[in-house]
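What follows is a single structure, written as structure tokens, with notes after it.
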Amino acid sequence: DQQVKQNSPSLSVQEGRISILNCDYTNSMFDYFLWYKKYPAEGPTFLISISSIKDKNEDGRFTVFLNKSAKHLSLHIVPSQPGDSAVYFCAASDSSNTGKLIFGQGTTLQVKP
Amino acid sequence: KAGVTQTPRYLIKTRGQQVTLSCSPISGHRSVSWYQQTPGQGLQFLFEYFSETQRNKGNFPGRFSGRQFSNSRSEMNVSTLELGDSALYLCASSRSGGANEQFFGPGTRLTVL
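Just so you know, the protein sequences line up as chains A and B, in that order. Numbering of the first sequence is given in the numbering used here, commencing with residue 1 and proceeding in unit increments. Numbering of the second sequence is given in the numbering used here, commencing with residue 1001 and proceeding in unit increments.
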């Protein structure tokens, strides 16, 4: 039972354009969501998070949108840069399940120069 | 501020052996979570420790265990290694383990022959 799903295994965009990565979840108890970026042979790097009381959070080039009724979140990267090429994971947690993040399978983003 | 450190970075063991992995969290972080990453299963939660107590546990057999010391450093142990235990083991620290960002170490790559 995969509670967090990233249905697109890969995404390719041109440098300077917008990258949109999507994530769906099934557990309505989730109240905190995070995005991580991961390079090979490294641990995931935290990018941005959002609480379920918000529908948008922005940090520089990164914006996360949360649609609770659709149980959907997305990460927008504008403008995309070649250094953004990596695997992106969305993760979710609920406040009753301490320290436990449920991860999606990841989306590989390639930004072409 | 120093990040999360994990030792060793690489390990090769044979079936039936046991292994101990170490994690030092970010200074001031009291929660340490452990994850297993494999190509087939993605990132899966093993357990979480806070103030030397295991607060949460994932769906892994009892061969996987851990502990946390008074300085918040944590170790995980895998006994009677199986081929399927080959994976990247990641630890992550956060201030309290609740709705907080978790910051990951670089991981320990375990290969079981």
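We put the beta carbon where it would ideally sit given N, CA and C, even for glycine.
Just to confirm before moving on: does the CB-CB distance between Gly1028/B and Arg1095/B stay below 8 Å?
Locating residue 1028/B in the second sequence gives position 28, where the first residue counts as 1. Locating residue 1095/B in the second sequence gives position 95, where the first residue counts as 1. In contact: Gly1028/B and Arg1095/B (Cβ atoms closer than 8 Å).
Determine, using beta carbons only, whether Phe1050/B and Gly1097/B come nearer to each other than 8 Å.
The sequence position of residue 1050/B within the second sequence is 50, counting from 1. The sequence position of residue 1097/B within the second sequence is 97, counting from 1. For Phe1050/B and Gly1097/B, yes; Cβs fall inside 8 Å.
State the Cα-Cα distance for the pair Arg1055/B and Val1032/B, rounded to the nearest angstrom.
Taking the second sequence and counting its residues from 1, the one referred to as residue 1055/B is at position 55. Taking the second sequence and counting its residues from 1, the one referred to as residue 1032/B is at position 32. Each residue's Cα considered, the two are about 10 Å apart.
Inter-residue CB distance, Leu1151/B and Gly43/A (contact presumed, cutoff 8 Å):
Only positions 1001 to 1113 of chain B appear in this structure, which leaves residue 1151/B out of reach.
Just the chain A side, please: which residues come within less than 9 Å of Pro1106/B by C-beta, in chain order?
Translated into positions along the second sequence, residue 1106/B becomes position 106. Ordered by position in chain A, the residues that pass the 9 Å Cβ test against Pro1106/B are Ala41, Glu42, Gly43.
Could you list the residues in the region 1032 to 1048 of chain B with a C-beta less than 7 Å from some C-beta on chain A, going in chain order?
Ser1033, Gly1042, Leu1043, Phe1045, Glu1048
Since Asn1077/B and Gln1006/B are thought to touch, with beta carbons under 8 Å apart, how far apart are those beta carbons, to the nearest angstrom?
Here residue 1077/B refers to the residue found at position 77 when the second sequence is read from its first residue. Here residue 1006/B refers to the residue found at position 6 when the second sequence is read from its first residue. In fact, because the Cβ distance is near 14 Å, the residues do not count as touching under 8 Å.
Report back the beta-carbon spacing between Arg1086/B and Leu1110/B to the nearest angstrom; my notes put them in contact at under 8 Å.
Working through the second sequence from its first residue, we reach residue 1086/B at position 86. Working through the second sequence from its first residue, we reach residue 1110/B at position 110. Per the sequence presented here, residue 1086/B reads as Ser, with Arg not at that position. Yes, Ser1086/B and Leu1110/B are in contact; Cβ-Cβ is about 6 Å, under 8 Å.
Looking only at DSSP bridge pairs, what is Thr1014/B linked to?
Counting from one through the second sequence, the residue named residue 1014/B turns up at place 14. Answer is none; Thr1014/B lacks a bridge partner.
List the residues of chain A whose Cβ lies closer than 8 Å to the Cβ of Gln1102/B, in chain order.
As a position in the second sequence, residue 1102/B is number 102, starting the count at 1. Those are Leu34, Phe46, Gly99, Leu101, listed as they occur along chain A.
Can you find a CB in chain A that lies within less than 8 Å of the CB of Leu1090/B?
In the second sequence, residue 1090/B corresponds to position 90, counting from 1. Yes - at least one Cβ of chain A is within 8 Å of the one on Leu1090/B.
Gly1084/B, enclosing beta strand (DSSP E) - first and last residue
Within the second sequence, the letter at position 84 stands for residue 1084/B. From DSSP, Gly1084/B is part of no beta strand (DSSP E); its letter is neither H nor E.
Is it right to say Ala1082/B is buried, meaning 16 or more other beta carbons lie within 10 angstroms of its own, or is it exposed?
Numbered from 1 along the second sequence, position 82 holds the residue referred to as residue 1082/B. Reading off the sequence shown, one finds Glu at residue 1082/B, where the question assumed Ala. Around the beta carbon of Glu1082/B, fewer than 16 other beta carbons lie within 10 angstroms, which makes this residue exposed.
Check the DSSP bridge columns for Ala91/A and list the partner residues they point to.
As a first step, residue 91/A is located in the first sequence; it is residue number 91 there, counting from the start. Paired residues: Leu34/A, Phe103/A.
What's the gap between the Cα of Asp31/A and the Cα of Glu1048/B?
Here residue 31/A is taken as the residue at index 31 of the first sequence, counted from 1. Here residue 1048/B is taken as the residue at index 48 of the second sequence, counted from 1. Rounded to the nearest whole angstrom, the C-alpha separation of Asp31/A and Glu1048/B is 18 Å.
Quick one: what does DSSP say Gly83/A is sitting in, helix, strand or coil?
For the purposes of this step, residue 83/A is identified with residue 83 of the first sequence, where counting begins at 1. The answer is helix: DSSP assigns Gly83/A an H, G or I state.
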